[in-house]
Structures are given as structure tokens and as C-alpha cells.
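2 protein chains.
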Amino acid sequence: MKNKSNLNINQFLKHISLDCVVFGFHENQLKVLLLRMKKTQEWALPGGFVQEDESMELAANRVLKVRTGLDHIFLNQFHVFSDPERSNINPAVPDVLEFGITFNDADWFNQRFISVGFYALVEFSLVQPKPDLLSDICEWISLDEIGSLMMDHRQILDKALETLRLQLVFQPIGYNLLPEKFTMPELQKLYETILGKELDRRNFQRKILAYNIISKLDEVRQGVPHKAPSLYRFNPENYQKALNEGLGGKW
Amino acid sequence: MKNKSNLNINQFLKHISLDCVVFGFHENQLKVLLLRMKKTQEWALPGGFVQEDESMELAANRVLKVRTGLDHIFLNQFHVFSDPERSNINPAVPDVLEFGITFNDADWFNQRFISVGFYALVEFSLVQPKPDLLSDICEWISLDEIGSLMMDHRQILDKALETLRLQLVFQPIGYNLLPEKFTMPELQKLYETILGKELDRRNFQRKILAYNIISKLDEVRQGVPHKAPSLYRFNPENYQKALNEGLGGKW
DNA sequence: CAAGCAATGTGTCGTATTGACGCAATGATA
DNA sequence: TATCATTGCGTCAATACGACACATTGCTTG
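Line by line, the protein sequences are chains A and B. Our numbering applies: residue 1 is where the first sequence begins, and numbers increase by one. Our numbering applies: residue 1001 is where the second sequence begins, and numbers increase by one.
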């Protein structure tokens, strides 16, 4: 039973959804990809549903491919949001009714959803944001400019950030967020933004270099004021090794 | 539409299940609560489904209350298992048909499930294991005696253990696994079992004491061979503080 | 019943890690 | 050409960590 829109809800599992917190880094700021809902003008995380033959991970990849144009995105599930009240106030329903979608579809959106949260780390410049059926805008918003979001999406975002901070302590971060070549101050700013606090420039460099996950290049960044900083790039082998084995693993 | 058994599947959300890895510590061994399926004799994790008005956490608590007799169990979700093939080989179906359950119920068990994995830490001696409708045995099995499990439950167990190991590095563990009073060697053995490697007795004590989460008592363990070890107990306030703020948090 | 012994309680020492900070070099800016 | 923000490199003390020594306790055993 198809419907007028290009969204065929009948191929999706009931009660289950996913929401993605897509992190990017640009102009020394951590940004998140958000959608603005047509009807309510509320901002929301990109999300979607699960087809009958795909895993949650595949579904998240499929959703993000449409939303960003990217394939093989670095993705991690971090929490399941299952408060029975979380979707009671779903404001998407009036939207649905306005855009040529049948009442059966409104029922679909009105049901209770248990949502699996994913966070994604992507290289900002590669993303081509595309709104979905219910939104008119899809764009990057700086972390400190994000106010309240639709439903419990603010809570999902906060939990993603908290998870990312914990990961940072025992796993390398940056390979998926920075361009191939980057400077030490840029990498440091990324860490500072995620952690939400300032770090000592010299101690940071010492620690990062000790991990052996980045290599210094024979180039400097051009066209910047003051002294030109050296460029670095990640060492894929050691980075992967650090991902598997952890960094400062105590005990 | 009720059925003959005391399991009313109609109150549950379709496609969604949960599985619990319940850890206990006894006789210096880490144990997991397992069920043996009546029909196939395979071992399985305790699990269940989600009612229409409860969160995943509430559902997990409800399931474990029945299975262990305990309330307010320390519970954490750790991963969602959503491989479309994971429940194709569900061996519970023949069981279901044999125990007076209607064919509609067999359909229920035959559907695809996305399962949220929880791990629980409980005090061994407080648990009163009870089998469920499809199992004849519910008991503690030592970690190193666990072979293959039903469906993907072995994979779920392994992931739970991996998560527990990571938690151990930056969060205190033990309050929920040990009796009120315990000895330093017991606590160390718990850490060693979870980490899967031996630790230096003296360095372990120094490190643990530095966290200020346990207090030494004016008692020693009675009736043990050789020198009687002192008893300790967790300091609830500092333990909770460490849970929130983390332990050796780098950066 | 005393010597032996296994396990516990306490401390040391060299090394590595960390946090705080100094200072010279660079290169655009004024 | 002098200035100055920023980068690159280094120092030092405090702390944490791993490896190990030694004394103590109290059951075990000859």
C-alpha cells in the first residue's frame, strides 16, 4: 500500500526509529547538522526508520547518505531513548497531514517510537546538507548556538556530546573530523571544543605527539597572519591501532 | 486476545526485545545468570519485551525482578543488536508450540527482533534465580564455563564484558557486586576477573585506596586459613561522587 | 608445641607522566 | 625597521606508576 509521497512507511519496522548527531568542525567550532521543521520551525536531528531487512547501522548510513551525500560515515550508536512520553508531543504530525500524506501516515508518526541514537563524525567540507520531506532547511549549527530542539532531541544531543567526551579520553579523535592536512592549533581547538575547556598549548602537543598517531609534514599553512604553523596528518596505521587498543589505558 | 499461557504478547511492542547480562561474583569467580531452554537445551540470556507504556529501563527492571527477585538493580544499556539475521534462527519457536501456546504466539516469536542489551551488576547471594516459561533451569554459570549460547547471545555477553572493562578504567566498580563487607584480596580478584589479567597486590591496594571510595574497618575476616585480612566497605558518598565525576580522568 | 609457611600489611626506588611555565624564533603588521 | 601575536622547543617540580623487598600474622604441620 503505497502513498502519494516518496516515503513508503510500510517497509519500515514499527516503533523503532534512529536519530543522528552529526558532528563537524569548521572555523574552529564544533557544529551539528540540524533540520528545521517546515510547520513548527523547530530544529531537529536528522533521523529515520529501519527497513525490514537492514540493521540499525545500515539504516543510519542510509539516512545520512541522503542527508549529507556521504558514504561510509564514521558512526557509533551511543544510547537508546525509550521514554514512553518522548514521542507523545511529536509535532511532525500536522506537517505530515499538510504535505499530501494520508491519514494512515499520520498514524504512523503518531505511534510510540523507541529511538536509537547515533553520533557521526564527518569532515565538514565534504557534506552537502539536504532537508528531508518535513523540513525546509538542513544546515550546520554551532554547538553554542543550539537552543531547544524538537521532542527530546536536545537530550539526545547532550548525551552524544557526553559520550564523545568519554571516548576522547581513551580513543583518538580527529581523523574523521579534520581535513587530511591540519595544524596543531586546529587539532587542539577541536579537543578544547569537545571537552569544553582550554588546554595548555605545549602540554597538548607533547601528549598528542607521544601517541604517534600524527606525522609532521614539510609544509606550513599559507596565508595566515603571524607565524605560519606546520601541517600534520594522521598516520592511518597507528591511528587504527590506537582505535583498537585504546590510548592511555590504565590498569 | 489472551492465550492459554500467562504470557500475554499483545501488550508488547513488536520487533523490540531486551537481553540482560547479569553479572555476579562468588567464590572468586565472575558469574552470569543464564537460562536453559526446555526444548533445545541451549543456554540463553534472560530477556523480555517492552510493554506499551514502559521505557526500556523499566522493562529490564521488570524482567530482572521476576528472574532474580531483586528490585532496583544496577542496570546499564550497552548496545543494540539489530542484525536482521540474528533472530532468524530463533530456536524458541518449537518450544512455544509445545507448551500450549497458540500459533499466533509462534508468529510473535518468529518476527524479527531488535534487542537492546543491558548489563546488570548484582550481589550474588541476594539473587533467587527463577526460570521462565521456556526454560527449565535458571542459574549462575562461571564466565570460563560458558560455551556457545542461543542465537547471538554469546556475542551480547562478550560485548557486555568488553563494556564492563572499559567502565572499570574510569568508574568505580564493586559496590553492586560485593557484599557490604569485603577484603582487599576479594576486591582485587574481582578486578582481575573482569580485566582478565593479574594485578600486583600492593600497587592495586595503593591505587584503590587513593580513590577514597572504600574505608577500612576494625574487623578481620574470620575462619580463613593463614593471616586474616582486614575488612573494608564502600564509602557511599565518595563512591557516588566517583561515579559521576569519573576516576583517573585524563585531559 | 614450635618451626614452617602462605598470605597479608607496609614501604622503597627508579621511571614515566603530568601540569605549570620560560624563552627564543618566525613572519605578518604597523 | 620595530612590534607583536603566534608558534616551536625546552625546563622543572609534583605526582603516578610498575616492580620489588621485607616484616607481620596466624594457621598448618611435623
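Glycine included, every Cβ here is placed at the ideal spot set by N, Cα and C. This one's a predicted model, so the numbers in the text were calculated from it and none came from an experiment.
Task: Of the listed residues I16(A), G24(A), W43(A), nearest to V1050(B) (C-alpha basis) - done: Distances from the CA of V1050(B) to each of I16(A), G24(A), W43(A) were compared; the closest alpha carbon is that of I16(A).
Open item on the list: Using a Cβ-Cβ cutoff of less than 6 Å, which residues in the same chain neighbour S1230(B) once the five nearest sequence positions on both sides are dropped?
Closed with: The answer, listed in chain order, is K1216, V1220.
Task: Reference G24(A), options Y239(A), D218(A), P129(A), closest by Cα - done: Out of Y239(A), D218(A), P129(A), P129(A) has the C-alpha closest to the C-alpha of G24(A).
- [ ] If I'm right that A1160(B) touches F1078(B) with Cβ under 8 Å, what's the distance once you round it to whole angstroms?
- [x] In this structure A1160(B) is in contact with F1078(B), their Cβ atoms being roughly 6 Å apart against a cut-off of 8 Å.
- [ ] Within the region 4-39 of chain A, note down every full alpha helix (DSSP H) run reaching 4 residues or more, in order along the chain.
- [x] Counting only unbroken stretches of 4 or more residues, no alpha helix (DSSP H) element lies wholly within the region 4-39 of chain A.
Open item on the list: In the DSSP assignment, the beta strand (DSSP E) including N1238(B) goes from what residue to what residue?
Closed with: Unbroken run through N1238(B) is the alpha helix (DSSP H), 1236-1245; no beta strand (DSSP E).
TODO: Can you tell me which of A44(A), G48(A), K241(A) puts its alpha carbon nearest to the alpha carbon of W108(A)?
DONE: It is G48(A) whose Cα lies nearest to the Cα of W108(A).
- [ ] Could you say which of N10(A), P131(A), K31(A) lies nearest to K65(A) if we only look at CA atoms?
- [x] Of N10(A), P131(A), K31(A), the residue nearest in Cα terms is P131(A).
TODO: Output, in sequence order along the chain, the residues in the region 1154-1177 of chain B whose CB is closer than 8 Å to any CB in chain A.
DONE: Legend: CB atoms of the region 1154-1177 of chain B lying less than 8 Å from CB atoms of chain A belong to residues L1166, L1168, V1169, F1170.
Open item on the list: Whether or not the region 181-194 of chain A and the region 147-157 of chain A are in contact is what I'm after, with contact meaning three or more pairs of Cβ atoms, one per stretch, closer than 8 Å; do they touch?
Closed with: Using a C-beta cut-off of 8 Å, the region 147-157 of chain A makes no contact with the region 181-194 of chain A, since fewer than three inter-stretch Cβ pairs fall below that distance.
TODO: State yes or no: is the C-beta of L1126(B) within less than 8 Å of the C-beta of A1044(B)?
DONE: Taking a C-beta distance under 8 Å as the contact criterion, L1126(B) and A1044(B) do not qualify as a contact pair.
TODO: Helix, strand or coil for Y1191(B), going by three-state DSSP, please let me know.
DONE: Here Y1191(B) sits in helix by DSSP.
Task: CB contact below 8 Å: L1243(B) versus chain A - done: Proximity of L1243(B) to chain A, defined by a Cβ-Cβ separation below 8 Å, is not satisfied.
- [ ] Can you give me the Cβ contacts of Q11(A) inside the same chain, cut-off strictly under 7 Å, excluding the 5 residues immediately before and after it?
- [x] Once the five neighbours on either side are set aside, the close Cβ partners of Q11(A) are Q51, E52.
Open item on the list: Excluding the 5 residues flanking R86(A) on each side, which residues of the same chain have their C-beta closer than 7 Å to its C-beta?
Closed with: Closer than 7 Å at Cβ, skipping near neighbours: M151, D152.
TODO: Tell me, please, which residues DSSP counts as bridged to I1146(B).
DONE: Looking at the DSSP output, I1146(B) sits in no beta bridge, so it has no partner there.
Task: Simplified DSSP state of R1233(B), which is helix, strand or coil - done: Strand.
Task: Per-residue DSSP class, three states only, for D1053(B) - done: Coil.
TODO: Closer than 8 Å by C-beta to I194(A): which residues in its own chain qualify, once you throw out the five before and the five after it? Chain order, please.
DONE: Close CB contacts of I194(A) within its chain, under the 8 Å cut and outside five residues either way in sequence, are with L30, L161, L164, R165, L168, I173 (chain order).
Task: Alpha-carbon spacing of N1235(B) relative to L1190(B), whole angstroms - done: Between N1235(B) and L1190(B), the C-alpha separation is close to 18 Å.
- [ ] For M1(A), name the three-state secondary structure that DSSP assigns.
- [x] Its pLDDT being 41, under 50, M1(A) is placed unreliably by the model, and the measurement read from it follows with that caveat. It is coil, neither helix nor strand.
TODO: Spatial neighbours of R112(A) within its chain, please: CB distance less than 7 Å, with the 5 preceding and 5 following residues excluded, ordered by chain position.
DONE: Annotation for R112(A): H15, P84, S87 place their beta carbon closer than 7 Å to its own, counting only its chain and skipping 5 residues before and after.
Open item on the list: Residues of chain B with CB closer than 7 Å to the CB of R206(A), please, in chain order.
Closed with: The premise fails here: R206(A) is roughly 13 Å from chain B at the closest Cβ pair, so nothing lies under 7 Å.
Task: Residues of the region 1015-1031 of chain B whose Cβ lies closer than 9 Å to any Cβ of chain A, in chain order - done: Here the close residues are H1015, I1016.
Open item on the list: At the 8 Å Cβ level, is P84(A) part of the contact set with chain B, yes or no?
Closed with: At least one chain B Cβ lies under 8 Å of P84(A).
TODO: Output yes if chain B places a C-beta closer than 8 Å to the C-beta of V80(A); else output no.
DONE: Yes, V80(A) counts as interfacial toward chain B.
Task: Supposed contact pair V1116(B) and P1033(B) - C-beta distance, whole angstroms, cut 8 Å - done: Note that residue 1033(B) corresponds to Leu in the displayed sequence, not to Pro. Contact flag wrong, Cβ pair sits at about 17 Å.
Task: Alpha-carbon to alpha-carbon, A1210(B) and Q1240(B) - done: Straight through space, the alpha carbons of A1210(B) and Q1240(B) are spaced by roughly 16 Å.
TODO: Please classify G248(A): is it buried, with 16 or more other beta-carbons within 10 angstroms of its beta-carbon, or exposed?
DONE: Label assigned to G248(A): exposed.
TODO: Would you list the one or two residues that DSSP bridges to W140(A)?
DONE: In DSSP, W140(A) forms a bridge with L33(A).
Task: Inter-residue Cα distance where the pair is H1026(B) and L1058(B) - done: Whole-angstrom Cα-Cα distance: 27 Å.
Task: Members of the region 1110-1131 of chain B near chain A, C-beta cut-off 8 Å - done: Going along the region 1110-1131 of chain B in chain order, one finds R1112, I1114, V1116 with a Cβ nearer than 8 Å to chain A.
TODO: For R1067(B), count neighbouring Cβ atoms within 10 angstroms of its own Cβ and tell me buried if that reaches 16, exposed if not.
DONE: Counting the other Cβ atoms within 10 Å of the Cβ of R1067(B) gives 16 or more, which makes it buried.
Task: With 16 other Cβ atoms within 10 Å as the buried cut-off, status of P46(A) - done: Answer is buried; the Cβ neighbour count reaches 16.
Task: Expected contact under 8 Å - CB spacing of R1036(B) and D1136(B) to nearest Å - done: 6 Å between Cβ atoms; contact.
Open item on the list: Please confirm whether S1055(B) has its beta-carbon closer than 8 Å to some beta-carbon of chain A.
Closed with: True, the Cβ-Cβ gap to chain A drops below 8 Å.
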